[in-house]
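With positions in the sequence shown counted from 1, the corresponding number in my numbering is that position plus 1198.
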Amino acid sequence: MEKNYPPGDLAIWIFILAELLVFAVFFSAYAFTRAQHVELFNTYQQTLDTNAAMINTLALITSSYFVMRAVAAIRSDRQQQCVSWIFAAILMGVLFIVIKSGEYAHHYANGVNLRTNTFYMFYLSLTFFHYMHVLMGMIILGAVAVKARNGSYSAHEHTGVETGASYWHMVDIVWLILFPLVYIMR
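As structure tokens, then:
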């Protein structure tokens, strides 16, 4: 069987590169602004729940593993295993969304919003932008799971599974940059 490089549809890679460019600009703006307001950023970073963020990091890393297992399963013509692994990945996405929503609710209950200060403007903007990508990724994975369950993918035709997996891995990689940048680095 011939392998596709990069995996998935070429259009998703153009989209992924465009999204990574947007995140890179966002991260650069954050880093530049942080350098100008180190004390403010250090002070308000301490209000973030690093334990929740670490659980979310583990959830997304685990979800990427599950997606990788789904791709391996479909490449071996095991549609039901592919579907099961995708649903497991979606469950990890749900965990991420629930935890992140709890963080947002906590901050909003304490009067934090985009206008509170520069740190919170970046924190809320960056993490919500990523949050929306997680939701979109879950929708994509859900659509892939439905098609896989209906027999649309096989060992010979699984571009859609690889396409969804590629997008999901991009979402996870972005979090692996966002997490230390916003929650950890002082």
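Even glycine gets a Cβ: it sits at the ideal position worked out from N, Cα and C.
Item                                                                                                                                                    : Value
Below 8 Å on the Cβ atoms is my guess for Leu1388 versus Thr1316; work out the distance and round it to an integer in Å.                                : No answer is possible for residue 1388: the residues shown for the chain start at 1199 and end at 1384.
Classify Gly1358 as buried or exposed, calling it buried when 16 or more other Cβ atoms lie within 10 Å of its own Cβ.                                  : buried
Give a yes or no on contact between the stretch 1325–1333 and the stretch 1368–1383, applying the rule of three or more CB pairs nearer than 8 Å.       : yes
Keeping to the same chain, check which residues put their C-beta closer than 7 Å to that of His1356; ignore five residues upstream and five downstream. : Ile1272 and Arg1273
Apart from the five residues on each side of it in sequence, which residues of its chain come closer than 7 Å, Cβ to Cβ, to Glu1301?                    : Asp1247 and Ala1250
Met1266: which of Phe1377, Gly1362 and Ile1382 sits nearest, CA to CA?                                                                                  : Gly1362
Report the residue from Phe1327, Val1369, Ser1364 and Ala1346 whose alpha carbon sits nearest the alpha carbon of Ala1209.                              : Ser1364
For His1367, count the other beta carbons within 10 Å of its own beta carbon; 16 or more makes it buried, fewer makes it exposed. Which is it?          : buried
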